[in-house]
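My numbering puts the first residue of the sequence shown at 23, with every later residue one more than the last. A virtual CB, placed ideally from N, CA and C, is assigned to each residue, including glycine. None of these values were measured; they are calculated from a predicted model. Shown next, in structure tokens, is the structure this report addresses.
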Amino acid sequence: MIVGPFVQCTQDVFSMMLQWDVSLEGVAEKAGFQSKHDCSGFIGLSGGMKGSIVVSVGREVAFAAAEAFTGVRPTSIDSVVKDLVGELTNMIAGSSKDRLGFAGISLSLPTVVAGNEHSIWFHTGATVEILHFSSPYGPFSVEVGIRNDL
23 MIVGPFVQCT QDVFSMMLQW DVSLEGVAEK AGFQSKHDCS GFIGLSGGMK GSIVVSVGRE
83 VAFAAAEAFT GVRPTSIDSV VKDLVGELTN MIAGSSKDRL GFAGISLSLP TVVAGNEHSI
143 WFHTGATVEI LHFSSPYGPF SVEVGIRNDL
């Protein structure tokens, strides 16, 4: 699978938007459907490439990122936090799309889900790679599921 653009774009977005250095800690094929984080942004890919991109962050990463943007530290995963996770997902997906080199890729609008042990289901025909990152405020992940059946 093509994970290089997603790694670079994730690092670029976190650096540009939050002034955070984030590091790739590992890549693995995803097993199971439960997220290990508290909040996830989801964007679908269609057209020249079909699949999904999910950015999942824990409470501490979400709160620190929201504080970096607004100057106020949230006390819950509220609409500000969800909007921020959706925007980070949109920026990572959009910049990765541009670097993939496939013509005609379209992105859906971001959807954000929150809650302890929420589940993210990918299409049955997708190969899903999970990119594990570290940040100054804790771990987060970017999941890339590309359909192989088309």
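Test item: CB-CB of residue i and residue j under 9 Å
i, j, result
"V4", "V164", "Beyond the ends of the chain as shown, which are 23 and 172, falls residue 4; an answer cannot be given."
"M71", "I168", "yes"
"G73", "F162", "no"
"A86", "V94", "no"
"I75", "V135", "no"
"A90", "Q41", "yes"
"F144", "K52", "yes"
"I152", "V49", "yes"
Other residues of its chain near residue i: CB distance less than 8 Å, five sequence neighbours each side excluded
i, result
"A84", "D60, C61, P96, I99, V103, L106 and V107"
Assigned secondary structure, residue i (DSSP; H/G/I helix, E/B strand, else coil)
i, result
"R121", "helix"
"I142", "coil"
"V44", "coil"
"G167", "strand"
"G69", "strand"
"S62", "strand"
"I99", "coil"
beta-carbon residue i near the ligand HEM non-hydrogen atom, thresh 8 Å
i, result
"S37", "In terms of ligand content, the structure shown is empty, and the ligand HEM therefore cannot be addressed."
Residue i - containing alpha helix (DSSP H), residue span
i, result
"P27", "G26 to L40"
Residues near residue i by beta carbon distance below 7 Å, same chain, minus five either side
i, result
"G69", "G126, I127 and S128"
"S45", "F155 and S156"
"Y159", "E82, V83 and A86"
Start and end residues, beta strand (DSSP E) containing residue i
i, result
"V94", "It is not in any beta strand (DSSP E) - V94 carries neither H nor E in the DSSP assignment."
"L129", "I127 to L129"
Chain-order list of residues whose beta-carbon lies under 6 Å from that of residue i (same chain, five-residue window excluded)
i, result
"M113", "V35"
"R121", "P27"
"S117", "C31"
"T146", "none"
"T111", "G63, I65, V77 and P132"
According to DSSP, residues forming a beta bridge with residue i
i, result
"P161", "S156"
"I75", "I65 and V166"
"A84", "Paired residues: none, contrary to the question."
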